[in-house]
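Here the structure is laid out as structure tokens; the discussion comes afterwards.
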Amino acid sequence: MVDLVWFQLLSAILFVIGLYGVMARRSAVLIIMSIELMLNAVNINLIAAASHMEGTGKFSDFDGQLIAIFIITVAAAEVGLALAIILRMFKNRSTVNVDEINLMKW
Amino acid sequence: MAWFIFISLAVLTIAGALGVVVARNVVHAALALLVSLIAVAGIYLVLFAEFLALVQVLIYGGAIIIVLMFAIMLTRNTDYPKISDNKQWPLAALAALAFLGVLAPSFIINRVEGTKSHNASFEGIGESLFTTWAVPFEIASLVLLVALIGAIIIARSDEEEN
Amino acid sequence: MEWAWLIPVFSFASALLIVVFGRSLPSKGAFLSILAIALGFAGFWVVLISWMGADTTTSGCFTSENTHLLTCDYERTWFNAGAVGDVGSVSINWGILIDPLTIAVLGLVTFVALMVQIYSLAYMKGDTRFGWYFAIHSLFAAAMLTLVLADNFLLLYVAWELVGICSYLLIGFWHERSSAREAAKKAFIVTRIGDVGLLVGILLIWREVGTFSMLDAFEAVRTGAMSEGVTTVAALLLFLGAMGKSAQMPFHVWLPDAMEGPTPVSALIHAATMVIAGVYLVARAFPLFEAYDADALMVVSVVGLVTAFVAATIALVATDLKRILAYSTISHLGLMMLSLGAFGVTAAVFHMMAHGFSKALLFLGAGSVLHSTEFQETGEMGGLRKVMPITAILFSIGALSLGGIPILAGFWSKDEILIAVNEHHNVAFIVLTLFTAMLSALYMGRAMFLVFFGPLKEQNEHAHESPLPMTLPMLLLGILALGFGLISFNWPGNYGGFGTFIYFLHPHEFHFEIWLGAVSIVLAVASFIAAYLFYVKRSISLDTVRSNFAGILNVVENKYYFDEVYQWTIDRVVLVLSRLIAFFDRAIVNDIIVNGPADVTRKFGIALRLHVTGHVYSYILAMAIGSVGLALFVWWRVA
Chain A
1 MVDLVWFQLL SAILFVIGLY GVMARRSAVL IIMSIELMLN AVNINLIAAA SHMEGTGKFS
61 DFDGQLIAIF IITVAAAEVG LALAIILRMF KNRSTVNVDE INLMKW
Chain B
1001 MAWFIFISLA VLTIAGALGV VVARNVVHAA LALLVSLIAV AGIYLVLFAE FLALVQVLIY
1061 GGAIIIVLMF AIMLTRNTDY PKISDNKQWP LAALAALAFL GVLAPSFIIN RVEGTKSHNA
1121 SFEGIGESLF TTWAVPFEIA SLVLLVALIG AIIIARSDEE EN
Chain C
2001 MEWAWLIPVF SFASALLIVV FGRSLPSKGA FLSILAIALG FAGFWVVLIS WMGADTTTSG
2061 CFTSENTHLL TCDYERTWFN AGAVGDVGSV SINWGILIDP LTIAVLGLVT FVALMVQIYS
2121 LAYMKGDTRF GWYFAIHSLF AAAMLTLVLA DNFLLLYVAW ELVGICSYLL IGFWHERSSA
2181 REAAKKAFIV TRIGDVGLLV GILLIWREVG TFSMLDAFEA VRTGAMSEGV TTVAALLLFL
2241 GAMGKSAQMP FHVWLPDAME GPTPVSALIH AATMVIAGVY LVARAFPLFE AYDADALMVV
2301 SVVGLVTAFV AATIALVATD LKRILAYSTI SHLGLMMLSL GAFGVTAAVF HMMAHGFSKA
2361 LLFLGAGSVL HSTEFQETGE MGGLRKVMPI TAILFSIGAL SLGGIPILAG FWSKDEILIA
2421 VNEHHNVAFI VLTLFTAMLS ALYMGRAMFL VFFGPLKEQN EHAHESPLPM TLPMLLLGIL
2481 ALGFGLISFN WPGNYGGFGT FIYFLHPHEF HFEIWLGAVS IVLAVASFIA AYLFYVKRSI
2541 SLDTVRSNFA GILNVVENKY YFDEVYQWTI DRVVLVLSRL IAFFDRAIVN DIIVNGPADV
2601 TRKFGIALRL HVTGHVYSYI LAMAIGSVGL ALFVWWRVA
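Residue numbers (our numbering), protein chains in the order written: chain A, 1 to 106; chain B, 1001 to 1162; chain C, 2001 to 2639.
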């Protein structure tokens, strides 16, 4: 059995890569992808914990997995909305580069 | 054996993730993401979370990747293959490494030993989902509904508004 | 008598009603104003009769230790500053004080105001602000009546300022004319200088006595609780206010300019009522002035005498009919002050009333002339008795009365003043007073003859007699100017003359100093004859007189250069200082203290906004760095 800490390190690395993607990429579509990476990192963390630890109190052994399910659900909803927003953005500005969408600046 | 599988899946995951953040072509990036997501599904199997692995493949590997592909296709313009990073990417890399520098040591320092190595059955998850987690489950369905309606309203074309 | 407070309330209510509903009322609410002041006049009779029937057993009434007059005082708490009984808490009362002085002035004000308002009905007909005119008139009457009735200095001061603002509004009534605006400002600002003195005086008395009540203040003076220095200073400060309001030298400059207002206003405010507020104040606060060897009274009499004399000389050479009357008013106010300074409270109040009726009559007559001929310069008039006989007769009565021709009211009151001055001051005073009285007769004769006698000018042939609403008030005032002197005599029964009605400490019966009376009659008659010879017969050439006194005449015709000196002072001293202060205000207060922080904030904001790039990834970068920093911080704190 692989120790919990390795899964946690994997999740940390994956999260940081996603974070870098969000910070460095210009295309809105790629930023969405990077966010998905970060969400997956969180999921790995949750599921690893659920698989390695006993549940305490009113929580059963695999509640971590259930939370991961909810995260996946929200991620799906988020991607759907993001697609709509990107389409609207593209229609209005003919671009999906976030550094050209800077109406909110001074 | 478990180690070997874990290492190879982890490498695959990280490689795919790196592909997402460095690829010059957006379609390549999407494919790299797919690789990474499938590898994560493998990680779930290593953790004996079969149900989650299934969900991961279905939702991420299927639905989300397809939706992202749609986004790429519908927003295609001339400079599309040559996507680039913005000017602050070195800074972003530094910040990301710093983040890792905080995150990884905290995991290592507060290391916890696993106490079990069994896992849940499909029945157990289902039972828990509809008893303990019934209310969040319903709320999640509401979130999906709202997101659906919102997506339609945001994305529909201007002519329909009048 | 307890209900005497209703007298001003009627007029206050009418002013309010006219302002609010004036447009929808018939005749724009003028009748309300007249009704209110008529009720006030009726109230005066009620007060007079009930006061006569009152004695020390009547509620609120007692014989004042300070004046020996039967005084009735009704007051209630207005508000308390601080909890009752606490150290430092002040209870402010308002109340009415009724004694003969109050009653006399009450009668004068209500009667003249009633006459003037009836007169204004015709005079102001067709004016675009007819309703507004009556509204301020009412407000003015209300304020003046409050001033007269007030039993404490604070209420008096409030009414005092209200009177001032009404005067300002009425002088500037035709504010389309820049001269009217200037005159209104001048009147307001000049009287304001005196008002500051009045306020300081009131506060000084309050500090010493701990209450605003006049009776308490007088009591404190009588018992010696207020020391000599403080009393004298307080009296002089009050007198400063009186000088402003009553146009005493050197504050007299506003009154001639105030003639820019409608003529009835001049009659009401600037002849018969507002300007006597100062005289009233001195008479009211007489115990303060009289205390401790009457040092303050000496100042009062000197100021009064100088004012009377100087104004009389200017009146003699002024050419504008209303200005002649204005300077005449200043001169007579000076005489009243002089009389007060000579302990002649009776004479002063008597002259105040006789002069009030006569001068109101003269102003209304002048208004009638102006209304008909539209000229103000006496040079443009002449021979008007042929076209407006009633006005001519009534104006002449007023002029003769003020000139001091026997039997008319002005003669008796002037006589009383002469007696008072003769008793209390030295020879120089009585000589100058007689000379002033002579000048008074001379300029009154001059005005009368120049306007109504001599050949009628062609341009005035279309002039006509004024309508009844204008002549009727003049007639009533004329009767009083003619017969008011009768009340000064001993009559069979209880009445022992005006001197037993209003007096200070000692009632005195009417008496007549033969030699003084003879001199004053001779001077007055001679002056009128001289005026007749100068201005009608022209048998004595004016030109020779003029050339003989060219130097003096020049000074007098320029009103002793008072206005020029003030203008110079304002330009060279006040405005220079103002500019310095304005510079300080702009450069330091405004630019540095007020705008400085705003500027810093703005610059800071401009610098700060640079971080708001509008780029999503910048924000996320900042968030990531922040998270790392936060984590390190928590780690460091916990570990």
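We treat Cβ as the ideally placed atom computed from N, Cα and C, and that holds for glycine.
Close-in-space but distant-in-sequence residues of the same chain around residue i (CB under 8 Å, 5 per side omitted)
i	result
Phe1137 of chain B	Leu1129 and Phe1130
Thr2191 of chain C	Gly2164, Ser2167, Gly2244, Lys2245, Phe2251 and Trp2254
Glu2564 of chain C	Asn2558
Rounded separation between residue i and residue j - CA only
i	j	result
Leu1034 of chain B	Arg2602 of chain C	50 Å
Ala2150 of chain C	Ala2142 of chain C	12 Å
Ala2315 of chain C	Leu2477 of chain C	23 Å
Gly2410 of chain C	Ala2342 of chain C	19 Å
His2137 of chain C	Gly2131 of chain C	10 Å
Ile2393 of chain C	Val2556 of chain C	30 Å
Gly2293 of chain C	Ala2285 of chain C	Reading the sequence as shown, one finds Asp at residue 2293 of chain C and not Gly. Those two C-alpha atoms are separated by around 15 Å.
Trp1133 of chain B	Met53 of chain A	19 Å
Glu2182 of chain C	Trp2254 of chain C	10 Å
Leu2553 of chain C	Ile2588 of chain C	51 Å
Val2109 of chain C	Met2144 of chain C	8 Å
Thr2067 of chain C	Pro2250 of chain C	31 Å
Met1073 of chain B	Ala28 of chain A	13 Å
Tyr2560 of chain C	Gly2356 of chain C	27 Å
Ser2179 of chain C	Val2594 of chain C	38 Å
Val2 of chain A	Ile1152 of chain B	44 Å
Gly2201 of chain C	Lys2414 of chain C	31 Å
Asn1162 of chain B	Leu87 of chain A	Reliability fails at Asn1162 of chain B, whose pLDDT of 48 lies under 50, so the model's placement of it is uncertain and the value that follows must be treated cautiously. Taking the straight line joining both Cα atoms gives about 19 Å.
Val22 of chain A	Val2628 of chain C	16 Å
Leu2006 of chain C	Met2052 of chain C	19 Å
C-beta atoms of residue i and residue j nearer than 8 Å
i	j	result
Gly2398 of chain C	Ser2440 of chain C	no
Gly2454 of chain C	Val2536 of chain C	yes
Ser2401 of chain C	Ser2331 of chain C	no
Ser2266 of chain C	Phe2363 of chain C	yes
Val1021 of chain B	Arg26 of chain A	no
Leu2070 of chain C	Cys2061 of chain C	yes
Met1069 of chain B	Ala1030 of chain B	yes
Ser2213 of chain C	Asn2093 of chain C	yes
Met2353 of chain C	Leu2450 of chain C	no
Leu2240 of chain C	Gly2197 of chain C	yes
Ala2312 of chain C	Tyr2157 of chain C	no
Val2299 of chain C	Leu2238 of chain C	no
Ile1064 of chain B	Ile85 of chain A	no
6 Å CB neighbourhood of residue i in its chain, flanking five on each side removed
i	result
Ile2529 of chain C	none
Gly18 of chain A	Ser34, Leu37 and Met38
Leu2017 of chain C	Leu2032
Ala41 of chain A	Ser11, Leu14 and Phe15
Ile2487 of chain C	Phe2498
Beta-carbon separation (whole angstroms), residue i vs residue j, contact threshold 8 Å
i	j	result
Ala2291 of chain C	Thr2346 of chain C	Contact flag wrong, Cβ pair sits at about 19 Å.
Leu2456 of chain C	Leu2523 of chain C	At roughly 31 Å, the Cβ-Cβ gap does not stay under 8 Å, so Leu2456 of chain C and Leu2523 of chain C are not in contact.
Ile2407 of chain C	Gly2334 of chain C	About 25 Å; that fails the 8 Å criterion.
Val98 of chain A	Ile31 of chain A	7 Å
Leu1009 of chain B	Gly1042 of chain B	4 Å
Ala2242 of chain C	Leu2288 of chain C	Not quite, the Cβ-Cβ distance comes to about 12 Å (not below 8 Å), so this is no contact.
Met2470 of chain C	Ala2122 of chain C	5 Å
Ala2234 of chain C	Ala2360 of chain C	The Cβ separation is near 33 Å, so there is no contact.
Ala2135 of chain C	Val2221 of chain C	That pair is no contact at about 40 Å.
Sequence-distant residues of the same chain with beta carbon closer than 7 Å to residue i, five excluded per side
i	result
Val2047 of chain C	Met2001, Ala2004, Ile2098, Ile2103 and Leu2106
Ala2463 of chain C	Ser2372, Thr2373, Leu2384, Val2387 and Met2388
Ile67 of chain A	Leu46
Val2163 of chain C	Phe2140, Ala2143, Met2144, Leu2147, Met2274 and Ala2277
Heavy atom of the ligand ZN within 7 Å of residue i beta-carbon
i	result
Gly2107 of chain C	For the ligand ZN, the structure offers nothing, since it holds no ligand at all.
field: Unbroken stretches of the alpha helix (DSSP H), 4 residues or longer, contained in the region 1012-1072 of chain B
entry: 1026-1046 and 1050-1055
- request: Output the residue ranges of the alpha helix (DSSP H) runs that lie fully inside the region 1126-1157 of chain B and measure 4 residues or longer, sorted by chain position.
  value: 1134-1155
query: Of the residues that make up the region 1009-1025 of chain B, which ones have a beta carbon closer than 7 Å to any beta carbon in chain F?
result: Structure shown: chain F not included; protein chains present are A, B and C.
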